[in-house]
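Below: the structure, in structure tokens.
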Amino acid sequence: MKSADDIILLSHGGGGTRTSELLKSVILPVLDNPVLAKLDDAACLSLPSSELAFTTDSYVVKPLFFPGGDIGRLAVCGTVNDLAMQGSKPRYLGLGLILEEGLRVADVRRVVESIARAAKEAEVEVVTGDTKVVERSAGGGLFINTSGIGIRRAGVDTHVSNARPGDVVIVSGSVGDHGVAVMSAREGLNFQAHIESDVAPLAGMIGRLLDAVPGVRCLRDPTRGGLAAALNDIARASSVCVRIREQAIPVREEVRGACSLLGFDPLEVANEGKALIVCGAADEERVLAALRADPLGGEARAIGCVTADPRGRVLLETALGGERMVDVPTGENLPRIC
Amino acid sequence: MNGKQQVEEIRELSDRIGRPVRLMEVCGTHTMSAFRTGLRSLLPPEVSLLSGPGCPVCVTSNAFLDRAIAIARRPGTIVTTFGDMIRVPGTETSLERARAEGAQVRVVYSALDTLKLARANPRVDVVFLGVGFETTVPGTALALRDAIDRVPNFRVLCAHKTMPQAMAALLRGGELRIDGFICPGHVSVIIGSQAYEFICREFKTPCVVTGFEGRDMLAGITMLLRQLAESRAEVEIQYTRAVRREGNARARTVVEEVFEESDETWRGLGIIPRSGLAIRPRFRAHDAFFCYEEIKVPESKDPRGCACGDVLRGAKSPRECLLFRKKCTPDHPVGACMVSSEGTCAAYYRYE
Chain A
-11 MKSADDIILL
-1 SHGGGGTRTS
9 ELLKSVILPV
19 LDNPVLAKLD
29 DAACLSLPSS
39 ELAFTTDSYV
49 VKPLFFPGGD
59 IGRLAVCGTV
69 NDLAMQGSKP
79 RYLGLGLILE
89 EGLRVADVRR
99 VVESIARAAK
109 EAEVEVVTGD
119 TKVVERSAGG
129 GLFINTSGIG
139 IRRAGVDTHV
149 SNARPGDVVI
159 VSGSVGDHGV
169 AVMSAREGLN
179 FQAHIESDVA
189 PLAGMIGRLL
199 DAVPGVRCLR
209 DPTRGGLAAA
219 LNDIARASSV
229 CVRIREQAIP
239 VREEVRGACS
249 LLGFDPLEVA
259 NEGKALIVCG
269 AADEERVLAA
279 LRADPLGGEA
289 RAIGCVTADP
299 RGRVLLETAL
309 GGERMVDVPT
319 GENLPRIC
Chain B
3 MNGKQQVEEI
13 RELSDRIGRP
23 VRLMEVCGTH
33 TMSAFRTGLR
43 SLLPPEVSLL
53 SGPGCPVCVT
63 SNAFLDRAIA
73 IARRPGTIVT
83 TFGDMIRVPG
93 TETSLERARA
103 EGAQVRVVYS
113 ALDTLKLARA
123 NPRVDVVFLG
133 VGFETTVPGT
143 ALALRDAIDR
153 VPNFRVLCAH
163 KTMPQAMAAL
173 LRGGELRIDG
183 FICPGHVSVI
193 IGSQAYEFIC
203 REFKTPCVVT
213 GFEGRDMLAG
223 ITMLLRQLAE
233 SRAEVEIQYT
243 RAVRREGNAR
253 ARTVVEEVFE
263 ESDETWRGLG
273 IIPRSGLAIR
283 PRFRAHDAFF
293 CYEEIKVPES
303 KDPRGCACGD
313 VLRGAKSPRE
323 CLLFRKKCTP
333 DHPVGACMVS
343 SEGTCAAYYR
353 YE
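Chains A and B supply the protein sequences, listed in that same order. Residue -11 is where the first sequence starts when you use this note's numbering, and the numbers rise one by one after that. Residue 3 is where the second sequence starts when you use this note's numbering, and the numbers rise one by one after that.
Structure below.
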């Protein structure tokens, strides 16, 4: 007979002995730090500054494990990157796990280990957390909420409303990898070329970028909605036109192929390890050099510029030499039909 | 030849023709490509592109959709469909809303995926919505052939359509002048370029089977203009790397084994004789029209003020629809052409 503890049961979330066993055997040994180990109702922290950035995000990706990452790594990186894009140094995370009964404990362990690895990479600590179990519905569900606190850097303002005509638009690497990797794992599509998610914590790279060029105008991580949504945010908030060149945008050949097969536009596909940067033209070379010095920014490229008109629009110069608008994508990415 | 030289040649040919030219791309993928590559911005004002009834989701009638939703609401039933279909508003509701209210609706990539699902769930009816043109039909045919006598719970609600008769119907209707057809690439891989020859003979309208890259489309347009300048009307193939005159005989054989020609209702075009494919009686046990005959669906209506029908015939540009960008947006679509990623209204909304 299988051990009684090989799958998650409702009683694992009941707050009794099973809950504490799960914490002690699966979660605490992996996410080891003195604040969390106290298991108090709240983490008590002392921070070097009262200028903080605070964010929260929930992760519901399916499948839980995909080429290049998993839901745990995503939950750390997503929140860390949101803090980093505000020009702050991420320090602490809160972690909420919602498990569906029937989930394999081995999978929970794998996800928590991945959370620990990603947190170490991002130089953050998980200092508070919560675990709940919900009744089985679709089966195999695991949802994560992470909240994060970061210390803001003095004198840095990277808000999307700061872009000005004459600025340069830079992306830290190839676009579309995450969305295509997850989509192909979800649909069981076996592309000949292996496509991996780019999910990675960007706080280190962004920290060094801001050391080199504190005057960067805008920072954004082009996650859901991809480059298209992020560029539109900048164009609208700054009331400028963003003009990009299709031929300058790095897209992996295999991602381009998969997108053309599925009917997606690589500009609209999610990224989880890329940064979009707007800076003054005079800073372009220094920004590119700072990004390229980091392994996560080795393929950084200038992809366009900012002009005054038409305000609030993103325009693309196509590879064919034509021009078209890039709009905010709508709804879910759906496979096309012919 | 690079893009610039090709555009130059298009200008010269357009001057030689000496009158405005209207070309129709009948395939939704061409519509999207023309916008996505910025091709439209490169053409001289005398050469305009009309979008035809080539988006399979868009041309599917509300009556079909209403029936699909009613079947999805049956207990013990899973309806599977290609992605875009789930958001199209029917008369009362959409498959997406029905799913949120508890109906089992799943997005699949093919009929064969659905067959697998049916095998894995033998106690429920699994109903595939068979929409699309000649490109998706062979997949449905193969699934039905595999299912017969083996997977009794696999069903197909069929609204498959064929392209050439719809093109002829547009010309016969005479509502608007079409100077040439940019014929679909993928469809023609199956049916071959021969399928359009009657159009050239009967209507003297040039046809060029064209690929989907921006450069393919520029080359296809050049070939159409050259025919017009030389007063020819022939079927030519630009997309030679994939299409032959005779098409794919094996795929056609499978299709003919499972389907027979039928009259079919198209959104915006009405009933077009011999433009559809019905499941042959031998496969009737899997034909969802017959399996759920007892389900009565109230008369279907199209949304008030929606110009999708005119747009699908090329008679109106989306900009001429009173709902466009106002009541009808990709987030809150009123008509099918705003929903589909290949819909003409969605393309105008996103790219112009």
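For every residue, glycine included, the Cβ atom is placed at its ideal position computed from N, Cα and C. This structure is a prediction, so every number in the text was calculated from the model and none was measured.
For Ser343 (chain B), the nearest beta carbon of chain A is closer than 7 Å to its own beta carbon.
The beta strand (DSSP E) runs of length 3 or more contained entirely in the stretch 76 to 143 of chain A are, from start to end of the chain, 76 to 88, 113 to 122 and 130 to 140.
Three or more pairs of CB atoms, one per stretch, sit closer than 8 Å, so the stretch 143 to 150 of chain A contacts the stretch 66 to 78 of chain A.
The criterion of a C-beta distance shorter than 7 Å is not satisfied by Glu27 (chain B) and Leu45 (chain B). Of all alpha-carbon atoms in B:Leu271, B:Ala253, B:Gln196 and B:Glu177, the one lying nearest the alpha-carbon of Asn64 (chain B) is that of B:Leu271. In this structure, Thr31 (chain B) sits near Phe214 (chain B), with a CB-CB distance shorter than 7 Å.
For Thr67 (chain A), the closest Cβ of chain B is not nearer than 7 Å.
Below 8 Å, too few C-beta pairs join the stretch 231 to 247 of chain A and the stretch 114 to 126 of chain A to call them touching: fewer than three. Just so you know, the alpha carbons of Asp265 (chain B) and Ala168 (chain B) end up roughly 11 Å apart. If you look at Gly182 (chain B), you'll find it isn't in any alpha helix (DSSP H); it sits in the beta strand (DSSP E) that goes Gly182 to Cys185. In this structure, Phe42 (chain A) and Ile86 (chain A) do not form a Cβ contact; the two beta carbons are roughly 21 Å apart against a cut-off of 8 Å. Of the other Cβ atoms in all chains shown, 16 or more fall within 10 Å of the Cβ of His288 (chain B); this residue is therefore buried. Distance from Glu234 (chain A) to Ala307 (chain A) at the Cβ level is roughly 5 Å; contact confirmed, criterion being Cβ atoms closer than 8 Å.
Per DSSP, the unbroken alpha helix (DSSP H) holding Met34 (chain B) starts and ends at Gly30 to Arg38. In the structure shown, the three-state DSSP call for Thr207 (chain B) is coil.
Sequence-distant Cβ neighbours of Ala217 (chain A) in its own chain, meaning closer than 8 Å and more than five residues away, are Pro210, Glu256, Val316 and Pro317. Neighbours of Leu41 (chain B) in chain A, taken as residues at a C-beta separation under 7 Å, are given in chain order as Leu308 and Gly310.
At a Cβ-Cβ threshold of 7 Å, Ala151 (chain A) and Ile265 (chain A) do not count as neighbours. At a C-beta separation below 9 Å, Lys6 (chain B) has these neighbours in chain A: Gly309. Counting of Cβ neighbours within 10 angstroms places Asp151 (chain B) among the exposed residues, the total staying below 16. Per DSSP, reduced to three states, the secondary structure at Val23 (chain A) is helical. Just so you know, the alpha carbons of Leu19 (chain A) and Gly136 (chain A) end up roughly 16 Å apart. One finds Arg352, Tyr353 and Glu354 in chain B with Cβ atoms closer than 8 Å to the Cβ of Met313 (chain A), taken in chain order.
Against chain B, the beta carbon of Gly90 (chain A) has no neighbour under 8 Å; the closest one sits roughly 18 Å away. Using a Cβ-Cβ cut-off of 7 Å, Gly54 (chain B) is close to nothing in chain A; its nearest Cβ partner there is about 14 Å away. A straight line joining the alpha-carbon of Asp95 (chain A) with that of Ser277 (chain B) spans about 52 Å. Taking a C-beta distance under 7 Å as the contact criterion, Arg157 (chain B) and Asp181 (chain B) do not qualify as a contact pair. As for any beta strand (DSSP E) of minimum length 3 sitting wholly inside the stretch 213 to 292 of chain A, the runs are 229 to 233 and 264 to 267, ordered along the chain. When A:Val228, A:Gly261 and A:His166 are compared, the shortest CA-CA separation from Cys247 (chain A) is found for A:His166. Excluding five sequence positions before and after Leu178 (chain B), the CB atoms of its chain that fall closer than 7 Å to its own CB belong to Gly316 and Ala317, given in chain order. Val110 (chain B) and Pro58 (chain B) have their C-alpha atoms spaced approximately 15 Å apart. Each of A:Ser37, A:Ala110, A:Arg98 and A:Ile15 was checked against the Cα of Pro189 (chain A), and the nearest Cα belongs to A:Ala110.
Ranking A:Val14, A:Arg312, A:Gly82 and A:Gly117 by CA distance to the CA of Gly216 (chain B) puts A:Arg312 first.
Selection B:Val139, B:Ile12, B:Asp218 and B:Leu173 evaluated against Ile193 (chain B) yields B:Val139 as nearest (Cα-Cα). Here the alpha carbon of Glu94 (chain B) sits roughly 34 Å from the alpha carbon of Val257 (chain B). When rounded, the separation of the alpha-carbon atoms in Cys293 (chain B) and Leu159 (chain B) is 9 Å.
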